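Mapping of the sequence shown onto the working numbering: residues 660 to 798, in sequence order.
Cβ coordinates follow ideal geometry from the N, Cα and C atoms, glycine included.
Every value quoted in this text rests on a predicted model; they were computed, and no experiment measured them.
Notes to accompany the following structure.
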Amino acid sequence: MTVFILPATEKDLMAVVKRCPYANDKAAIKLTREYFHRSAFSWAGLSDHQPVCVYGLIAPSFLYDDAYLWLVVNDLVDKHQFSFVRHSQIEMRKMLVLFPRIVGHVLESEERSKRWLRWQGVKLGKRENGLISFELRSA
């Protein structure tokens, strides 16, 4: 088993989306692609060269201290979730150097994403319309 976190490509994104619960939801796929293209940075988690997650940061500009974090994950990440957590914690520390405050939303139904966020040290916030807000600050 080889786990890597590398800069993401749209091909990586679409490989992950194909195995997501919303793989047939055109509006959700369009929004995911939009997030990818608006991101200042995006990464793909690969297991044995197969994309299992893609995440990125959207910043209003590099003059802001805030960035919006998004994540797409599929069932393949379950096989190596602890390796991905360890690698993504390293990447998260790097993100917090660039953007001392990271915010976002997670679907209430997305257990994998909520678990990943908790492992990154994120405290989930209030629930509204099926979404849970979150925030992470640098120490």
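- Alpha-carbon spacing of Glu769 relative to Ile717, whole angstroms: 20 Å
- Item | Candidates Ile791, Arg678 and Val781, of which the one nearest Asn733 by Cα | Arg678
- Exposure of Pro710, with buried meaning 16 or more beta-carbon neighbours within 10 Å: buried
- Nearest-angstrom Cα distance between Val662 and Val675? Their Cα atoms are separated by approximately 15 Å.
- Exposed unless 16 or more other CB atoms sit within 10 angstroms - verdict on Phe758: Buried: at least 16 other Cβ atoms inside 10 Å.
- Alpha-carbon spacing of Leu790 relative to Trp729, whole angstroms: 13 Å
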